[in-house]
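**Q** UniProt numbering numbers the first residue of the sequence shown as 1 and each following residue consecutively.
Structure in C-alpha cells, see below.
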Amino acid sequence: MYLKRLELLGFKSFASKTTLEFPTGVTAVVGPNGSGKSNVTDALRWVLGETSAKSIRADKAENLMFSGTQGRPRAGFAQVTMTLDNSTGFFPIDYSEVSIRRRVGRDGSSSYFLNDGEVRLRDIVDFFAKARLGTKGFVIINQGNSDMFIKASAAERRMMLEEVLGLRQYQIKRQDAENKLASTQTNLTEARGRVEELLPHLRMLRRQSGKWAKHDELKAELANLELVYFSRKLAELTAEEAKLEPQTTELAKHLTHISAELKELEKALAHVEARQPKADSNFDDFKKKQAELLERRASISKEVGRMEAEVEFLTNAPKRSVKEDELLSLIAAVRKLINELQGSDDIASIKQHLHRLDSQIQQTLEGDTSEKTSRLQSLQTQKEKLAQELGELEASLKELSSHENSFTESLRSFNAEFRTAYEAVEKKRKEQAEVLQRQSRLRFEQEKISMRRAELEHQAEQYGRKLSEFVNTPAGEPLEEHINIEGRILRLRGELASIGDIDPEVVREAKEMEERYAFLEQQITDLDKASEDLTRLIAELKQKIHDEFARALRRVNEELAEHFKTMFGGGKAKLVLANPQPRHIIEPVEDLSSSGSTGGSMDSRLHGNDNRGSGNDSEENNDTDAKEAGLEIELTIPRKNIRGLDMLSGGERSLVSIAVLFALISVSPPPFIVLDEVDAALDENNTKRFANLIKNFAKKSQFIIVTHNRATMASANVLYGVTMTSDGTSKLLSIKFEEAEALVEKP
C-alpha cells in the first residue's frame, strides 16, 4: 500500500484544484520560501485527521481556506483528497484504491468521506491507526519539528513509538474500553443509589400488598375449581341437551302427522259446511209449502164447516114450517084479537098493518122456500167439490208428512255428521296445540341450556382456559374425583370476602416497584459483568501493548544504536522506560480498573446487608504504572560530554531525531513518510548520510520530502516544484533536477 495521489482544492494557497501523483520510492517537493510547498505537508496531516490548528499552522478552521487576493476571490471551502493504492489488499475492502476526503466550509460545516461515503472523524482515525498512520507519530514531521522526538515529553515519545509500531489501534480500543468502564461505573453507582432509594418504599409496599398474594392464590384456586364445576355442569347440560334432541325430533314428526290429519278433517268439514246452505234452503222451502197447504186445508175445512152448517140449516127447513104454523096461529089469534078490537080507533090502522105484515110473511115464506131449495142444491155442489179438494189436500199433507219425516231424518244425519267432523277437527286442533306447546317447552329448555352453556363457556374463557381440558377428562381421571367442589368454592369465596378488596393503586404501585427493582437488579448484574469484562479487556490490552512494546523497544534500541553510530560516527543511544507519568491517549479518563469491588449481592442489600470489599491495589497500580512508563533518551556523543538534551545543537538534535526515525521504521516500516525540511539544519556530510538512508529505506516505505537540500533532491525519483503566481496562489510544476536547483535558489 502506498500514497498514490493527493488533490487540493481551496486549501490554503492552493486555490485551484491541484493534483500530485506519487510513485513508490521518493518524491521531493521543492520551492522557494513562501511558495506554499509546506502546505502540501499540512494538507496530508489534515486529511489524516489532525484536529490541532497549531499543528497545521492555522489559528482557526477558516484559515485553512484560500483567503483570496486582489486577482482571485476567496474560496468557499477547503478540500483535500488522499488516494491510497490498495492493489495488494492491505486494507480489507474490495477496492484497489481507497479515497479519503476531508472538507470544511465557511459556514462551519465539516465532513469526512471514505470512498465517497460520509463517515466520522473517529472512523478516519481508526482506519489509519490500523495502517500505522496518524498525526501523533513520525509518519509526518512538519517544518521546524525535526527534533520533535527530543522536544517531546516521555509520555509523548511513547505515544509516537506506539503509533509507528501499530499499537495505536490497541490504545484506541483500550481508551474506548476505559471510557465505557467509566460510564459503566457511573451507571452502576447510579443504579445502586436508585436501589437504595426504592428499597424502604418497596418493603412497605410488600407489607401492604402481602394480602394480595394470598388473595391472588385463593382467586386462582377458586377459578380452577369453578372451571371444573362449570365443566361438570356443562357436561350435564350437554347430556340433557342430547336427551332432548330425540324428543324434539319425535315431536316434529308427530306434529307433521297431526297437521296432515287435521288438514284432511278440515277439508271434510269444509265439504259438510258447503252442503249446509242448500239443505237449509230446501228445508225452508218445505216448511213454506207445508204452511201453505195447512193454511189451505184450514180454509177449506172452515168453508166445508160453514157449508155443512148451511146445509144442515136448509135440511132442517120442515121444522121451521112448524114454527110458521105457529106464527100463522099467532097471526090468527092476532086477527081474532083485532076483530075483538074492531071498535077501537086504531083498529083500521092495525088491520092495515097486519094485512101488510101478513102479505109480507106470505111472500117471505114463499120466497124462502124457493131460495133455500136452490141454495141447498148449490151448497151440495160446492160441498162435493170442496170434499174432493179436501181429499186432495189430505193426500198432499200426508205426502208432505212423509217427506217431512224423511227430511228430518236426513237433517238429523247431516247434523250428526257435521258434529262428528267438527269434534274431530277440534280434537286434532287441541292435540296439535298440545304438541306445539310441548315443542315450545322443549325449545325453551334447549334455549335455556344453550344460554347456560354460553354463560359457562364465557366464564371459562374468563379464567383463560378451555373447558375441553376438563370436559374431555380421561376415564382414569373422572370429574367425580373432585370431592365437594361446591363446598370448597363456597369456602374460598368466604375467605376472599374476609380478605376484602385491595386498593388497586397499591397493587399496581407494588408491581411497578417490583418490576423497577428487578430491572435495576438485572441492570446492576449486567453492569457488574460489563465492568468485569471491560476491566479484563483493558488488562488484556495493556498486557498486549506492554508485551509488543517491550519486544519492539528492544529491536528499536538495536536499530537505534546502529543508526546513531552512522549519523554521529560513533557513540551510543537507547530508549529507556522513564518514571511513569499520567498520560492521556485520546482524552482524560479516570483509571477505574482498581476502584474496588462491584458491590454485594442484590438479595443481601434488600435485607439491609451490603458486603463490599476494599482491598489494597498498590501492587496492581505499580504494575499498571510500569506498563504506562514513558520513554527517556540515553545517549553519548563521541568527544562530547552531554549532560542533558538541551545541550545539543540544532544539527545534533536533528541527527538524534533522524536516528530514532530510521530505527523506528526499521522495526515497523509505515506505508509512507512525510518529511518537511527535516534536513534543514544538517551540514553537507550529514545531508548525504540522510539522503543515503532515504534511498535505502525507500525500498520499504514511500517518502514524500519537502526540501531545499541538493543532496536530498538528488535521491528523489520524482520532483515537484511549487511556485507562487502573480495572483497569490500556489502552482505545482513537475520538474527535473536542474530545474529544482534553480527553483530552490530563486529568491
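Virtual Cβ for every residue (Gly too), placed ideally from N, Cα, C.
#1: Using the rule of at least 16 other Cβ atoms within 10 Å of the residue's Cβ for burial, across every protein chain shown, is Glu-619 buried or exposed?
#2: Could you tell me how far apart the beta carbons of Pro-671 and Tyr-2 are, in whole angstroms, since I believe they sit closer than 8 angstroms?
#3: Output the distance between the C-alpha atoms of residue 825 and Ala-252, rounded to the nearest integer angstrom.
#4: Identify which residue in His-271, Lys-640, Ala-716 and Glu-558 has its Cα closest to the Cα of Ala-659.
#5: Could you pull the DSSP bridge partners for Phe-113 from this structure?
#6: Rounded C-beta distance between Ile-704 and Val-29? I'm assuming under 8 angstroms.
#7: Could you tell me how far apart the beta carbons of Ala-191 and Gln-543 are, in whole angstroms, since I believe they sit closer than 8 angstroms?
#8: How do the stretch 5-12 and the stretch 680-699 stand: do at least 3 beta-carbon pairs fall below 8 angstroms, yes or no?
#9: Give the single residue among Gly-728, Lys-565 and Gln-247 whose Cα lies nearest to the Cα of Arg-440.
#10: Buried or exposed, going by whether 16 or more other CB atoms sit within 10 Å of the CB of Ala-416?
#11: Which one of Ser-450, Lys-151 and Glu-394 has the shortest CA to CA distance from Asp-646?
#12: Whether or not the stretch 29-44 and the stretch 671-682 are in contact is what I'm after, with contact meaning three or more pairs of Cβ atoms, one per stretch, closer than 8 angstroms; do they touch?
#13: Here's the rule: buried if 16 or more other CB atoms are within 10 angstroms of the residue's CB, otherwise exposed. What is Gly-10?
#14: Here's the rule: buried if 16 or more other CB atoms are within 10 angstroms of the residue's CB, otherwise exposed. What is Met-307?
#15: Let me know the secondary structure DSSP gives Ala-28 once reduced to three states.
#16: Once DSSP output is grouped into helix, strand and coil, what is the label at Glu-683?
#17: Go ahead and pull the three-state DSSP assignment for Ser-95.
#18: Beta carbon of Gly-68, beta carbon of Arg-106: below 8 angstroms?
#19: Any chance the stretch 276-291 sits against the stretch 402-417, with 3 or more Cβ pairs inside 8 angstroms?
#20: Among the residues of its own chain, which have a CB less than 7 angstroms from the CB of Ile-534, if the five just before and after it don't count?
#21: Comparing C-alpha positions only, which one of Phe-90, Arg-157, Ile-489 and Pro-23 sits nearest to Leu-218?
#22: Using DSSP's beta-bridge definition, name the partner residues of Gln-702.
#23: In the stretch 122-156, which residue ranges form an unbroken beta strand (DSSP E) of at least 3 residues, counting only runs that do not cross its ends?
#24: For the stretch 566-576 and the stretch 649-668, state whether three or more C-beta atom pairs, one from each stretch, are separated by less than 8 angstroms.
#25: Along the beta strand (DSSP E) that carries Ile-735, what are the first and last residues, could you check?
#26: So what does Leu-632 bridge to, in DSSP terms?
#27: Span of the beta strand (DSSP E) holding Gln-523?
#28: Hey, quick one: how far does the alpha helix (DSSP H) through Gly-651 stretch, first residue to last?
#29: Which partner residues of Asp-85 appear in the DSSP bridge assignment?
#30: Reducing DSSP to helix, strand and coil, say where Val-722 ends up.
#31: Strictly by DSSP, which residues pair up with Leu-20?
#32: Quick one, are the C-beta atoms of Asp-679 and Asn-709 less than 8 angstroms apart?
#33: Leaving out five residues on either side along the sequence, give the residues of the same chain with a beta carbon under 8 angstroms from the beta carbon of Val-272.
#34: Using a threshold of 8 angstroms, state whether the C-beta atoms of Ala-573 and Phe-564 are closer than that.
**A** From the atom records:
#1: Because Glu-619 sits at a pLDDT of 45, beneath the cut-off of 50, its placement in the model cannot be relied upon, and the following sentence gives the value as read from the coordinates. Exposed, by the Cβ-count rule.
#2: 6 angstroms
#3: In the structure displayed, the chain extends from 1 to 747; residue 825 sits before or after that span and is not available.
#4: Glu-558
#5: Arg-101 and Glu-118
#6: 7 angstroms
#7: About 30 angstroms separates the two Cβ atoms, so there is no contact after all.
#8: no
#9: Before going on, a small fix: residue 440 reads as Ser here, not Arg. Looking at the Cα atoms, Gln-247 is the closest of the given residues.
#10: exposed
#11: Lys-151
#12: yes
#13: buried
#14: buried
#15: strand
#16: Here residue 683 is Asp; the residue named in the question, Glu, does not match the sequence. Note: Asp-683 maps to coil in three-state DSSP.
#17: Correcting the residue type first, residue 95 is Tyr in the shown sequence and not Ser. In this structure, Tyr-95 counts as coil in the three-state DSSP scheme.
#18: no
#19: yes
#20: It is worth fixing the name first, because residue 534 is Leu in this sequence and not Ile. Cβ neighbours of Leu-534 beyond the five flanking positions: Ala-177, Lys-180, Leu-181 and Thr-184.
#21: Ile-489
#22: Phe-672
#23: none
#24: yes
#25: 730-735
#26: With the sequence shown as reference, residue 632 is identified as Glu, and Leu is not the correct amino acid for it. Answer by DSSP bridge pairing, in chain order: Val-576.
#27: No beta strand (DSSP E) contains Gln-523, which is instead part of the alpha helix (DSSP H) from 504-568.
#28: 650-667
#29: Tyr-2 and Glu-97
#30: strand
#31: Leu-6
#32: yes
#33: Phe-414, Glu-417, Phe-418 and Ala-421
#34: yes
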